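Residue numbers for the sequence shown follow our numbering, so the first one is 110 and each next one is one higher.
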Amino acid sequence: MAKLKKLEDFRAEIDQCVKCGACRAHCPAFGAEKHEGRVARGKVALADALLKGDVDLEEKFLLDMSQCLLCGSCCAQCPNKVHTEEIVAATRREIAKRKGLSTFGKGVGTILKHQGVMNTLAKAGGAFSKLLFKKIPDQSGLRLRFPAPFIAADRTLPPIAAKPFRERHPEVIPGVAGQPRVLFFTGCGINYMYPDSGEALLKALKFLGVTVLIPQDQVCCGLPAVSAGAADTVESLAADNLAMLRRCEYDYIVTACASCHSGLTQIYPGMGAEFDEFKAKVKDIFVFLVEQGLPEKLAELPKADQPIKVTYHDPCHLRNHGITKEPRAILKALPQVDYVEMENAASCCGLGGTYSVYHYDTSKKIGAKKAASIADSGADLVATDCPGCIMQLQDSINHGGGKQRSVHILDLLADALP
Ligand code: SF4
Ligand code: SF4
110 MAKLKKLEDF RAEIDQCVKC GACRAHCPAF GAEKHEGRVA RGKVALADAL
160 LKGDVDLEEK FLLDMSQCLL CGSCCAQCPN KVHTEEIVAA TRREIAKRKG
210 LSTFGKGVGT ILKHQGVMNT LAKAGGAFSK LLFKKIPDQS GLRLRFPAPF
260 IAADRTLPPI AAKPFRERHP EVIPGVAGQP RVLFFTGCGI NYMYPDSGEA
310 LLKALKFLGV TVLIPQDQVC CGLPAVSAGA ADTVESLAAD NLAMLRRCEY
360 DYIVTACASC HSGLTQIYPG MGAEFDEFKA KVKDIFVFLV EQGLPEKLAE
410 LPKADQPIKV TYHDPCHLRN HGITKEPRAI LKALPQVDYV EMENAASCCG
460 LGGTYSVYHY DTSKKIGAKK AASIADSGAD LVATDCPGCI MQLQDSINHG
510 GGKQRSVHIL DLLADALP
């Protein structure tokens, strides 16, 4: 059974932090709060102290450890490549082992581990949508009508799909002979909240003649449970997904969610060698589409008379793994898009899994910077490659009074294809 690393497994990496502070300027949590406990070296020092038994799990320690978006921006700038995001996640697991999970962590664990519960909740949310949510006047999202635990009253939410994406399709959608066979790892965001982006992906793959597999027994990648410190849940989900991946036949596994991509290519392989053969097959959808020559095919389509100005937000979990060019290549090739690059495209949007649940005010401050960059770019739309980022970007734009919309690149791609 695959196991997540324990905090003690990071001993050598913790020792590699030389306290240089190069990470400070790039930490969104520090940028919003200017507090040393928020920055990577402070967290690495606290993890070190916990391992040495020099610190108790008092309130301040727990607060500092909760104040991390696991965005990895620090590691990208670190001369010794210290993975603070992994050290913090391991520290949260250690906290959960000693103190038990938080109420929210327990809830996340229960819902994610039981796909049937998640389906039932999602369907109930979709069926009672009008009762539960009200539309924001400009229709760019929904708000809860009633107070609910862990969801701020002023947060913009996407609608919940009346029928989850995976239930709409057979397991195999045949393509053209000779073209690749691709397993679509949908992720929860597309399955329950943004099914149209999943439909857009199918349209793009059909355009290329690709055979698509949509296994019904795939489950959440487990990233929300990583953020919550719920080790058992992550390990159980990884085992279920491993069984599903072993059962099916395919050339590639595609994701349209940065978190799922990170789960399949970074988190799972760190849990055991049994994931290595699958890691090599995982591709972000835009990497796959570029490799299949889609930009060249898009270039043959007639250009729109009045293109829409679109900018791009880099999800942390793709930027950290060097996937920055391919989403832009597809966007720039779209006939209806006038692409503009924004300042700080690669900065975190402020969601950070459980971070925006526990620290919504700081999350909003981080999001406000991003919303300002979007507005300054002059774009009408901000496109990205992660359902979580889409939700957070729209929330940030709405708080700033902006009129822009956040969308998945796939939605724009589907509009362009015949
Ligand atoms: S992972 Fe992100 S939020 Fe956490 S310390 Fe590093 S830069 Fe800061
Ligand atoms: S985490 Fe890396 S960049 Fe930050 S203080 Fe330590 S060594 Fe320097």
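Every residue gets a Cβ at the ideal spot worked out from N, C-alpha and C, and that includes glycine. Quick caveat: nothing in here was measured; it's all calculated off a predicted structure.
Can we count residue i as close to ligand 2, meaning its CB is less than 7 Å from some heavy atom?
{"i": "K51", "result": "Nothing about residue 51 can be read from this structure; the chain reaches only from 110 to 527."}
{"i": "Q186", "result": "yes"}
{"i": "C129", "result": "yes"}
{"i": "R150", "result": "yes"}
{"i": "N189", "result": "yes"}
{"i": "V197", "result": "no"}
{"i": "V153", "result": "yes"}
{"i": "C126", "result": "yes"}
{"i": "C329", "result": "no"}
Would residue i be called buried (16 or more neighbouring beta carbons within 10 Å of its own) or exposed?
{"i": "G296", "result": "buried"}
{"i": "A128", "result": "Here the sequence assigns Lys to residue 128, which means Ala is not the residue at that position. By the 10 Å Cβ count, K128 comes out exposed."}
{"i": "K244", "result": "exposed"}
{"i": "H144", "result": "exposed"}
{"i": "A382", "result": "exposed"}
{"i": "A262", "result": "exposed"}
{"i": "N429", "result": "buried"}
{"i": "A271", "result": "exposed"}
{"i": "L314", "result": "buried"}
{"i": "D504", "result": "buried"}
For the beta strand (DSSP E) that contains residue i, what are its first and last residues?
{"i": "I417", "result": "417-421"}
{"i": "D163", "result": "Where D163 is concerned, there is no enclosing beta strand (DSSP E), given that its DSSP letter is neither H nor E."}
{"i": "D393", "result": "391-393"}
{"i": "R290", "result": "290-294"}
Cβ of residue i within 7 Å of any heavy atom in ligand 1?
{"i": "G181", "result": "yes"}
{"i": "E194", "result": "yes"}
{"i": "F384", "result": "no"}
{"i": "F387", "result": "no"}
{"i": "L178", "result": "yes"}
{"i": "H430", "result": "no"}
{"i": "C498", "result": "no"}
{"i": "A138", "result": "yes"}
{"i": "C297", "result": "no"}
{"i": "C458", "result": "no"}
{"i": "H426", "result": "no"}
{"i": "C366", "result": "no"}
{"i": "H468", "result": "no"}
{"i": "C132", "result": "yes"}
{"i": "H135", "result": "yes"}
Quick one, are the C-beta atoms of residue i and residue j less than 8 Å apart?
{"i": "G459", "j": "I483", "result": "no"}
{"i": "E435", "j": "V396", "result": "yes"}
{"i": "G209", "j": "D173", "result": "no"}
{"i": "H422", "j": "L502", "result": "yes"}
{"i": "A365", "j": "I394", "result": "yes"}
{"i": "F213", "j": "T463", "result": "yes"}
{"i": "E194", "j": "L116", "result": "no"}
{"i": "L440", "j": "V419", "result": "yes"}
{"i": "V328", "j": "N350", "result": "yes"}
{"i": "M302", "j": "P496", "result": "yes"}
{"i": "V391", "j": "P416", "result": "no"}
{"i": "H517", "j": "L427", "result": "no"}
{"i": "G338", "j": "R201", "result": "yes"}
{"i": "F170", "j": "L155", "result": "yes"}
{"i": "Y359", "j": "V285", "result": "no"}
{"i": "I323", "j": "R275", "result": "yes"}
{"i": "V321", "j": "I282", "result": "yes"}
{"i": "A231", "j": "P273", "result": "yes"}
{"i": "L519", "j": "A309", "result": "yes"}
{"i": "P137", "j": "C187", "result": "no"}
I'd like to confirm the pairing. Which residues does DSSP put opposite residue i in its beta bridges?
{"i": "S515", "result": "V491"}
{"i": "Y448", "result": "V419"}
{"i": "Y361", "result": "V291"}
If you follow the alpha helix (DSSP H) that residue i is part of, which residue opens it and which one closes it?
{"i": "V321", "result": "Careful: V321 lies outside any alpha helix (DSSP H), inside the beta strand (DSSP E) at 320-322."}
{"i": "R277", "result": "It is not in any alpha helix (DSSP H) - R277 carries neither H nor E in the DSSP assignment."}
{"i": "K312", "result": "304-316"}
{"i": "Q186", "result": "182-186"}
{"i": "H430", "result": "Careful: H430 lies outside any alpha helix (DSSP H) and carries neither H nor E."}
{"i": "C369", "result": "367-371"}
{"i": "G459", "result": "It is not in any alpha helix (DSSP H) - G459 carries neither H nor E in the DSSP assignment."}
{"i": "A477", "result": "469-486"}
{"i": "M380", "result": "Taken as a continuous stretch (DSSP letters only), M380 belongs to no alpha helix (DSSP H), as it is neither H nor E."}
For residue i, verify whether its CB is less than 7 Å away from any heavy atom of ligand 3.
{"i": "G140", "result": "Only ligand 1 and ligand 2 can be found as ligands here, which leaves ligand 3 out of the picture."}
Tell me, please, whether the CB atom of residue i is closer than 8 Å to any CB atom in chain B?
{"i": "D520", "result": "The structure shown has no chain B; it contains just one protein chain."}
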